[in-house]
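Residue numbering for the sequence shown is 10 to 170, as defined by this note's numbering.
For each residue, glycine too, the CB sits at the ideal point set by N, CA and C.
First up is the structure itself, then whatever we jot down about it.
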Amino acid sequence: MDPKQLNELLRLIKKLDFAEFKMAEGDFSMTVRSEYKPGHIPAPQIVSMAAPAAPLAAPVAAAVPVTDVSAVTEAEESTGNLLEIRSPIVGTFYRAASPDKPPYVKVGDSIAAGDVVCIVEAMKLFNEIESEVSGKIVKVLIEEAKPVEYDQVLYLVDPNA
């Protein structure tokens, strides 16, 4: 059997649902086995998540549509030396432990790594978000009680202040 025919045959076998295929032609023989068995349904896999994620009721559009590359470049340049505090989970952003309490941090506050900066509620669990950086809060990027996505920037921090 020439290589072209063999290649074509292997493509056909791969496309069809065979558990095993045997062929003999003259002094040439081959057997192809697949782990897949016809009618076999693989067992579901249980995946545990590090942090629960809240489903969104409706798709959320990007916060800022990117239409002008120069505007994005200017924004990046203006925050060049600032560090970001990002959300480790999807949920709802809260600046304070409760509505009658003061916010954990405000613009101008100095923070250290490990300080709680906000809460992100996910599936009725209130997760305290700790800063991984030290510095001064320059900007709060999320409004109170607004949804946040995984890895979304919450705060900008000046490490030199």
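- Here DSSP, grouped into helix, strand and coil, assigns Glu17 to helix.
- The continuous stretches of beta strand (DSSP E) do not include Gly117, and DSSP gives it neither H nor E.
- Secondary structure of Pro112 (DSSP, three-state): coil.
- Beta-bridge partners of Leu134 (DSSP): Ala131.
- When the beta-carbon positions are compared, Lys155 and Phe102 come within less than 8 Å of each other.
- Excluding its 5 nearest sequence neighbours in each direction, Val125 has C-beta neighbours in its own chain below 6 Å: Tyr113, Glu137, Glu139, listed in chain order.
- In the three-state DSSP reduction, Pro168 falls in the coil class, being neither helix nor strand.
- Bounds of the beta strand (DSSP E) holding Gly144 are 144-149.
- For the 8 Å CB-CB criterion, Leu134 and Leu150 do not form a contact.
- Taking Cys127 as reference, the option from Leu91, Ser107, Arg42, Leu18 with the minimal CA-CA separation is Ser107.
- Among the bridge pairs identified by DSSP, Ser38 is matched with Ala33.
- Excluding the 5 residues flanking it on each side, Val116 has same chain C-beta neighbours closer than 8 Å at Ile146, Val147, Lys148, Val149, in chain order.
- For Glu93, the closest of Asp109, Val99, Ala122, Gly100 by C-alpha to C-alpha distance is Ala122.
- Beta-bridge partners of Arg104 (DSSP): none assigned.
- In this structure, the beta-carbon distance from Ala131 to Val166 does not fall below 8 Å.
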